[in-house]
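> Quick one: the structure is below, and I'll ask about it shortly.
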Amino acid sequence: MTEDLRPAVRMARRRFLTLTGAATAVAFGTNLPGSALGTGGTGGLTGNPFTLGVASGDPLPDGVVIWTRLAPKPFEPLGGAPYKEVRVDWQVATDERFHQVIRSGRATARPEYAHSVHIDVRGLQPGRHYWYRFRCDGYLSQTARTRTAPAPGTRGGQLTLGVSSCQSWPDGYYTAQRHLASEDVDAVVFLGDYIYEYGIAAAGGLRNVADPVPSQFRTEADTLDRYRLQYALYKSDPDLQAAHLNAPWITTWDDHEVQDNYAGTVSKSNAPVEDFLVRRANAYRAYWEHLPLRSPAPQGPNYQLYRRFGFGRLAELSVLDTRQYRSDQAAGDGWKADSEARRDPARVLAGQQQTQWYLNGLNRSRATWNVLANQVIMSRMDLDPTAADLYNMDAWDGYGAEQKVMLDGVAANRHRNPVVLTGDVHAGYAMEMKRDFADPSSQTYGVELVPTSFSSGGNGVDVSANGQKFLDGNPHLKLVNEKRGYSVLRFDERELRVDFRAVPYIDKPGAPISTIHSFVVEAGNPGLNSVAGKAVR
Amino acid sequence: MRIRGWKPLVLLGAVLTGVVAAGITGPAVADRPAQGGLTLAADVAEVSAVPVPCAKQGFELRFGNTGKTAVYADAFLEAGAPLTLSRKLVSSYLPPGYTLKVPIDVGAPRGTAPGTYTIEVKAGDQKLSLPVRVGEPPTDNSGNLARFVPVTASSEHLPVYPACGAVDGDRDSEHWAKTTGWNDATKGNFPDWLQVTFDKPETVGRVDLYTLNSKQYPAAGYGLKDWDVLAQVNGAWQTVASVRGNTAPLNSSTFIPVTATAVRLLALASNEGPTYSRIVELEVYAG
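Chains as they are written, first to last, in the numbering used here: chain F, 118 to 654; chain L, 9 to 295.
Listed below in structure tokens is the structure:
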């Protein structure tokens, strides 16, 4: 592994430090810096309300969503904000010093949305950077950078995406997010498990914090107030805030935003559906409140999160939701051998409507690269290196019939350069998608890239015992690395280059980042070409 | 620092072009003022509590919507000092006719005077007053110093495997997964630790560790294998015992007695390999 800090990275980091001198570190159970000055005021706030940072997301050629949430005491009920509406001013500029403010306005933060604001700023120019900030009750937020998508039809150019998933707070420090904040990416794609629903011990798990995590975090998140608390803890992390300050995020959820391995209306504990849907409604609402998504907010237990983004003629990004519509896991979940239940055509993962939406879009796409933000592994993944099979019932393998529809549809669009991005497993994998996964000589029609987790899984290892079994049993799997980090994907008309980047540890802050492996995928010639890093097979 | 205008970052004066607010914020639907039809109730008429750490006590809040439309509603809870509540706010989506049931833990810090206290719950125009009767603290006559004192852990696999389960007086591994034992939450990462903290310096000369040993999960396969026992003496931690290669359900470490303010068990390895630390009961004695 080599320490790899490029000039652009250093520059970006300096810029970040300049702009966030006022960034707030949140201390547990005490008033926040500035609160003594903040008493009174027109908004009735009791301190700096920007403790959870600011963010932007879902970039379009002419617009982007900018977000913040007012929470002067983020771990108190209502985030310490008054039980009434509060006005928030915002500005968008073409320069980081706000000499050229081109959009501005006043928004209303409402307690029924946890005093979050989601402003869909339109009328922007395509393919360029903007800077934005908020002001409330005399407090100024951090300044953040965002970027619009290129105009439809634009040919050529380059698209750089940072991609990761799974950021369990008690599993360690957000060192990877801090490094991602210094990468020159056009957008960040987050593949699910933004929070984990579990209660958090006073010591904060692997973080082993000196200042105990408050007692209201011990219970598992189930109601709206409790999910909001969980987001408040996660989003108070300065390293995560920094990653949001650097680029717009495009996010999807997986299971832990609601409950471990839930499936549609079926909870892990088989709670009555009526009760579980109330929990799901609470979880979905809290998710929307804390991420830069467009309005309207979820009202009740359903919310359409799957959606599509265009980046000129260079790339199209489809974002899936494989939790809300899925059938219950087969054979009681877990790792199981093949079974009729696994292949039952009545059982769905994305659901027929979403699957057809995706495949129809892929068919119609005129983009060089067609990228899918997906949660659970789509390619075959056999944990048993012998002739027997062992499949993950929670992944696409556990929904064999719809997996086949999906993979056949992707294979039929081989010429559209499909790239599947996957989260969930807390490991870096690089896979070639094969007509026959058992036959290495069969045609490759796409690649599936799993860019490891930001933090879930703790420090991690290079290759675990199970990781070795995967390598032994899956010839289409070209890389396994189970350290924490993210991937950077650079697309141009000719090729996609992916850098798998990782940190050696996260149980202490400050680990360096390095590229552990790089592949190139040639446009028109699906498959992984290793260009840097130790040969894996 | 508070400001007027946008000054701090606008060095040369802002050029404010077009004040355009496209899609100002979330939807205009505000259900908050219209929170009629809410109901508040509890599963008990009175909560019983004792003033010790780890006491399992509280009530189930029943928060209902008798209206005809779904609402997002808020119930605010307050307990008379010095009682504590596991949550002071319950917010939830409530479909019409639905009643949410939320367990609320009630804590009485050690030293809380026996007597009757009150919990007040408010939602919309509804109000619920719930009395809490605090009794005398229990005592332990077995000499086990770990009972009824604060316990902490590096992590807890909540809600089923809390640290409190390791000092609850229940050594029975068959009760595993019923909150009577501690399991850490950081799979594959060692060391983990579990600690009891005394009110005053105590003489400590023996630590009994009951690791997981049920029919389904025998100690030799799933129990704790390697650990150190640390004692906090005059503010500094010192290792007073080390256990390696344990496969027994009960391992008793005896050592030259020290005067300690806390005892910490530093778990280093499990018989299962790189997974979890599992302790059914931790007991601390003078000798």
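All residues carry an ideal CB built from backbone N, CA and C; glycine is no exception.
Small disclaimer: the values here were computed from a predicted structure and weren't measured.
What in chain F is Cβ-close to L:ILE11, meaning under 7 Å?
Looking up residue 11 of chain L in the second sequence gives position 3. Those are GLY255 and LEU257, listed as they occur along chain F.
> Out of curiosity, what's the CA-to-CA distance linking L:PRO61 and L:ARG155?
Within the second sequence, residue 61 of chain L is the residue found at index 53, counting from 1. Within the second sequence, residue 155 of chain L is the residue found at index 147, counting from 1. Rounded to whole angstroms, L:PRO61 to L:ARG155 spans 9 Å at the Cα level.
> Quick one: measure Cβ to Cβ for F:TYR256 and F:ALA210, integer angstroms, because I've assumed they're closer than 8 Å.
Taking the first sequence and counting its residues from 1, one reaches residue 256 of chain F at position 139. Taking the first sequence and counting its residues from 1, one reaches residue 210 of chain F at position 93. About 19 Å; that fails the 8 Å criterion.
> Would you mind working out which of F:GLU433, F:ASN591 and F:TRP370 sits nearest F:GLY270, comparing C-alpha positions?
Taking the first residue of the first sequence as 1, we reach residue 270 of chain F at position 153. It is F:GLU433 whose Cα lies nearest to the Cα of F:GLY270.
> Starting from L:THR187 and walking both ways along the alpha helix (DSSP H), at which residues does that stretch end?
For the purposes of this step, residue 187 of chain L is taken as residue 179 along the second sequence, with counting starting at 1. Careful: L:THR187 lies outside any alpha helix (DSSP H) and carries neither H nor E.
> When the distance is taken between beta carbons, is F:SER573 closer than 8 Å to F:GLN90?
Outside the displayed span of chain F (118 to 654) sits residue 90 of chain F, for which this structure offers no information.
> Closer than 8 Å is the cut-off here; do at least three beta carbon pairs connect the region 579-588 of chain F with the region 486-501 of chain F?
Yes, since at least three Cβ pairs between the region 579-588 of chain F and the region 486-501 of chain F fall closer than 8 Å, the two stretches touch.
> Does the beta-carbon of F:HIS634 have 16 or more other beta-carbons within 10 angstroms, so that it is buried, or is it exposed?
Within the first sequence, the letter at position 517 stands for residue 634 of chain F. Looking at its Cβ environment, which holds 16 or more other Cβ atoms inside 10 Å, F:HIS634 is buried.
> Please report whether the beta-carbon of L:SER162 lies at a distance below 8 Å from any beta-carbon of chain F.
Walking along the second sequence from the start, residue 162 of chain L turns up at place 154. Yes, L:SER162 counts as interfacial toward chain F.
> May I have the straight-line CA-CA distance separating F:PRO189 from F:LEU606, to the nearest angstrom?
For the purposes of this step, residue 189 of chain F is identified with residue 72 of the first sequence, where counting begins at 1. For the purposes of this step, residue 606 of chain F is identified with residue 489 of the first sequence, where counting begins at 1. Cα to Cα, F:PRO189 sits roughly 37 Å from F:LEU606.
> Counting only the same chain and skipping the five closest in sequence on each side, list residues whose C-beta sits under 7 Å from that of F:ALA400.
Taking the first sequence and counting its residues from 1, the one referred to as residue 400 of chain F is at position 283. The residues are TYR344, GLU374 and VAL375.
> Step through the CB atoms of chain F and report whether any lies within less than 8 Å of the CB of L:GLY196.
Looking up residue 196 of chain L in the second sequence gives position 188. Yes, because at least one Cβ of chain F sits closer than 8 Å to the Cβ of L:GLY196.
> For F:HIS634, report the span of its beta strand (DSSP E) as first-last.
As a working mapping, residue 634 of chain F is identified with position 517 in the first sequence. Looking at the DSSP string, the run of the beta strand (DSSP E) that includes F:HIS634 is 631-639.
> How would you label F:LYS551, buried or exposed, when you count the other beta carbons within 10 angstroms and need 16 or more for buried?
Position 434 of the first sequence, counted from the start, is the residue given in the question as residue 551 of chain F. Buried.
> Listed in chain order, which residues of the region 263-290 of chain L have Cβ atoms closer than 8 Å to some Cβ of chain F?
Here the close residues number zero.
> Cβ of L:TRP184 within 8 Å of Cβ of L:LEU220?
If you number the second sequence from 1, residue 184 of chain L lands on position 176. If you number the second sequence from 1, residue 220 of chain L lands on position 212. Taking 8 Å as the Cβ cut-off, L:TRP184 and L:LEU220 qualify as a contacting pair.
> Buried or exposed for F:GLY545, please, with buried defined as at least 16 other CB atoms from any protein chain shown within 10 angstroms of its CB.
The residue you call residue 545 of chain F lines up with position 428 of the first sequence. By the neighbour-count rule (16 or more Cβ atoms within 10 Å), F:GLY545 is buried.
> Along the chain, where does the alpha helix (DSSP H) that runs through F:VAL587 open and close?
As a first step, residue 587 of chain F is located in the first sequence; it is residue number 470 there, counting from the start. Checking the displayed sequence, the identity of residue 587 of chain F turns out to be Phe instead of Val. F:PHE587 -> alpha helix (DSSP H) spans 582-590.
> Mind checking who L:LYS135 pairs with in its DSSP beta bridge?
Taking the second sequence and counting its residues from 1, one reaches residue 135 of chain L at position 127. L:LYS130.
> Between L:TYR284 and F:PRO418, what straight-line distance do the alpha-carbon atoms span, to the nearest angstrom?
Against the second sequence, residue 284 of chain L aligns to sequence position 276. Against the first sequence, residue 418 of chain F aligns to sequence position 301. Roughly 35 Å between the two C-alpha positions.
> Using beta carbons (cut-off 8 Å, strictly below), is L:SER99 in contact with chain F?
On the second sequence, residue 99 of chain L is found 91 positions in, with the first residue counted as 1. Chain F, which has a Cβ nearer than 8 Å to the Cβ of L:SER99, makes this yes.
> So which residues of chain F does L:PRO103 contact, with C-beta pairs closer than 9 Å?
Within the second sequence, the letter at position 95 stands for residue 103 of chain L. Neighbours of L:PRO103 on chain F, chain order: GLU391, LEU394, VAL395, ALA398, GLY417 and PRO418.
> What residues of chain F sit near L:LEU166, judged by a beta carbon separation below 8 Å?
Start at 1 with the first residue of the second sequence, and residue 166 of chain L comes out as number 158. Those within 8 Å of L:LEU166 in chain F are TYR315, GLY316, ILE317, ALA318, ARG335, THR336 and GLU337.
> Does F:GLN294 come out as helix, strand or coil in the three-state DSSP assignment?
For the purposes of this step, residue 294 of chain F is identified with residue 177 of the first sequence, where counting begins at 1. Helix.
> Which residue from F:ALA349, F:ASP553, F:PHE554 and F:GLN446 puts its Cα closest to that of F:LEU408?
Walking along the first sequence from the start, residue 408 of chain F turns up at place 291. Nearest of F:ALA349, F:ASP553, F:PHE554 and F:GLN446 to F:LEU408, Cα basis: F:ALA349.
> By the DSSP assignment, the alpha helix (DSSP H) with F:HIS407 in it spans what residues?
Here residue 407 of chain F refers to the residue found at position 290 when the first sequence is read from its first residue. Counting along the chain, the alpha helix (DSSP H) containing F:HIS407 begins and ends at 390-407.
> Locate the alpha helix (DSSP H) running through F:LEU357, then write down its first and last residues.
Your numbering for residue 357 of chain F matches position 240 in the first sequence. Note, F:LEU357: alpha helix (DSSP H), 355-363.
> Please report how far the alpha carbon of F:ASN576 lies from the alpha carbon of L:HIS165, in whole angstroms.
By one-based count along the first sequence, residue 576 of chain F stands at place 459. By one-based count along the second sequence, residue 165 of chain L stands at place 157. Rounded to whole angstroms, F:ASN576 to L:HIS165 spans 18 Å at the Cα level.
> Three or more C-beta pairs closer than 8 Å, one from the region 589-605 of chain F and one from the region 306-321 of chain F: is that the case here?
Touching, no.
> Does DSSP put F:ASP288 in a helix, a strand or coil?
Looking up residue 288 of chain F in the first sequence gives position 171. If DSSP states are grouped into helix, strand and coil, F:ASP288 belongs with the helices.
> Let me see if you follow: with CB-CB separation under 8 Å, is L:GLY295 close to chain F or not?
Counted from its first residue, the second sequence places residue 295 of chain L at position 287. False, the Cβ-Cβ gap to chain F never drops below 8 Å.
> Could you check the C-alpha separation between F:ILE317 and F:SER221 for me, to the nearest Å?
Numbered from 1 along the first sequence, position 200 holds the residue referred to as residue 317 of chain F. Numbered from 1 along the first sequence, position 104 holds the residue referred to as residue 221 of chain F. Roughly 39 Å separates the two Cα atoms.
> Examine chain L for any beta-carbon lying closer than 8 Å to the beta-carbon of F:PRO191, and answer yes or no.
Here residue 191 of chain F is taken as the residue at index 74 of the first sequence, counted from 1. With 8 Å as the cut-off, F:PRO191 does not count as an interface residue toward chain L.
> Check F:ASP342 in the structure and name its three-state DSSP category.
As a first step, residue 342 of chain F is located in the first sequence; it is residue number 225 there, counting from the start. DSSP places F:ASP342 in helix when its eight states are reduced to three.
> How is the alpha helix (DSSP H) around L:TYR230 delimited, first residue to last?
One-based indexing of the second sequence puts residue 230 of chain L at position 222. Where L:TYR230 is concerned, the enclosing alpha helix (DSSP H) stretches over 227-230.
> Write down every uninterrupted run of the beta strand (DSSP E) in the region 216-280 of chain L whose length is 3 residues or greater and which is fully enclosed by it, in chain order.
Runs found: 232-241, 244-251 and 258-278.
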